[in-house]
Amino acid sequence: MSHVNRNLSTISSAVWSMQVAFASSDYHHVDQHFGATPRLVVYGVKQHEVKLLKVVDFNVEYGHGEDKLASRIDALDACVTLYCVAIGETVFRQLLQVGVRAIRVPEATSIALLLQQIQQCWADSEHATRRRQRDPDRFQQFIVETEWREEDDAS
1 MSHVNRNLST ISSAVWSMQV AFASSDYHHV DQHFGATPRL VVYGVKQHEV KLLKVVDFNV
61 EYGHGEDKLA SRIDALDACV TLYCVAIGET VFRQLLQVGV RAIRVPEATS IALLLQQIQQ
121 CWADSEHATR RRQRDPDRFQ QFIVETEWRE EDDAS
């Protein structure tokens with residue numbers, strides 16, 4: 001039995017190296033446990049651009065069926081991160097094994113805010129990388145500034 005009710009892809013996801021998923025019932029807030037979410041909303045994120053890539057709606061089923069979780073895990077294909085309100089420890093480890101990091105956030109966390117935070121971290125990382133690349137002698141300068149000097153013990 002298929003646990004996916006609808007899978008809508010808006011554009012090709014191949015050009016998006018960073019894809020993140022959100023467990024959401026309303027498309028705007030993270031408000032669901034991963035195993036019980038009726039929907040996963042997947043965005044592509046670049047430093048200066050965010051696009052909705054995919055929405056996957058699931059049949060709502062109660063309990064801990066392995067098929068139910070497998071269809072949710074399959075929907076995270078190409079995602080690097082999943083934001084959810086809660087997730088079981090076993091499923092958390094399964095996601096790590098397939099390269100997806102699950103992050104728990106408070107209920108009703110804004111998806112737009114999380115996307116902005118991801119972009120800000122990206123920008124901060126780019127800025128730090130550029131700053132380190134500016135001075136090719138930065139390590140030599142550090143060694144000179146922190147050179148170990150022993151004082152003579154004049155007793």
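For the sequence shown, position 29 matches number 29 in full-length UniProt numbering, and the numbering has no gaps at all.
We put the beta carbon where it would ideally sit given N, CA and C, even for glycine.
The structure displayed is predicted, hence computed values, not measured ones.
Below 8 Å, can you find three or more Cβ-Cβ pairs linking the segment 37-55 to the segment 97-110?
Result no; under three Cβ-Cβ pairs closer than 8 Å.
When we look at the beta-carbon of Cys84 and count the other beta-carbons within 10 Å, is it buried (16 or more) or exposed?
Taking the sequence shown and counting its residues from 1, the one referred to as residue 84 is at position 84. Buried, because 16 or more other Cβ atoms sit within 10 Å of the Cβ of Cys84.
Tell me which residue opens and which closes the beta strand (DSSP E) that Gln19 is part of.
Counted from its first residue, the sequence shown places residue 19 at position 19. Where Gln19 is concerned, the enclosing beta strand (DSSP E) stretches over Gln19 to Ala23.
What do you reckon, are the CB atoms on Val60 and Asn7 nearer than 7 Å?
Translated into the one-based positions of the sequence shown, residue 60 becomes position 60. Translated into the one-based positions of the sequence shown, residue 7 becomes position 7. No, these two residues do not count as a Cβ contact at 7 Å.
Taking the continuous alpha helix (DSSP H) assigned at Ala102, which residues delimit it?
Taking the first residue of the sequence shown as 1, we reach residue 102 at position 102. Careful: Ala102 lies outside any alpha helix (DSSP H), inside the beta strand (DSSP E) at Arg101 to Arg104.
Report all residues from its chain with a CB closer than 7 Å to the CB of Asp31; omit the five preceding and five following residues, and keep chain order.
Along the sequence shown, one-based indexing puts residue 31 at 31. The answer, listed in chain order, is Ser24, Ser25, Val85, Glu107 and Ala108.
Take Val45 and list the residues in its own chain whose beta-carbon comes closer than 8 Å to its own, dropping the five residues that flank it on each side.
As a first step, residue 45 must be located in the sequence shown, where it is residue number 45. Within the same chain, Val45 has close Cβ partners Trp16, Met18, Gln19, Val20, Leu115, Ile118, Gln119 and Trp122.
Can you tell me whether Ala75 is buried or exposed, with buried defined as 16 or more other CB within 10 angstroms of its CB?
Here residue 75 is taken as the residue at index 75 of the sequence shown, counted from 1. So Ala75 counts as buried.
Classify Gly35: buried if its beta carbon has 16 or more other beta carbons within 10 angstroms, exposed otherwise.
Residue 35 sits at position 35 when you count from the first residue of the sequence shown. Buried is the call here.
Where Ala14 and Glu145 are concerned, what is the direct C-alpha to C-alpha distance, given to the nearest angstrom?
By 1-based counting over the sequence shown, the position of residue 14 is 14. By 1-based counting over the sequence shown, the position of residue 145 is 145. Ala14 and Glu145: Cα-Cα distance of roughly 47 Å.
Relative to the alpha-carbon of Glu49, which residue among Ala112, Gln94, Asp137 and Ser71 has its alpha-carbon at the smallest distance?
Stepping through the sequence shown from its first residue, residue 49 is reached at position 49. Measuring from the Cα of Glu49, the nearest candidate turns out to be Ala112.
Looking at the structure shown, is Asp31 part of a helix, part of a strand, or coil, going by DSSP?
As a first step, residue 31 is located in the sequence shown; it is residue number 31 there, counting from the start. Coil at Asp31, not helix or strand.
In the DSSP assignment, the alpha helix (DSSP H) including Leu96 goes from what residue to what residue?
By one-based count along the sequence shown, residue 96 stands at place 96. Run containing Leu96: Glu89 to Gln97, per the alpha helix (DSSP H) assignment.
Taking the beta strand (DSSP E) that Glu49 belongs to, which residues open and close that run?
The count along the sequence shown starts at 1 and reaches residue 49 at position 49. Where Glu49 is concerned, the enclosing beta strand (DSSP E) stretches over Glu49 to Phe58.
Take the Cβ of Ile87 as the centre, count every other Cβ of all protein chains shown within 10 Å, and call the residue buried at 16 or more, exposed below.
Locating residue 87 in the sequence shown gives position 87, where the first residue counts as 1. Classification of Ile87: buried, given that the 10 Å Cβ count is 16 or more.
Along the chain, where does the beta strand (DSSP E) that runs through Leu40 open and close?
For the purposes of this step, residue 40 is taken as residue 40 along the sequence shown, with counting starting at 1. Taken as a continuous stretch (DSSP letters only), the beta strand (DSSP E) holding Leu40 covers Arg39 to Lys46.
Just the C-alpha distance for Asp77 and Gly99, rounded to the nearest angstrom, thanks.
For the purposes of this step, residue 77 is taken as the residue at position 77 of the sequence shown. For the purposes of this step, residue 99 is taken as the residue at position 99 of the sequence shown. Spanning the two alpha carbons is a distance of roughly 9 Å.
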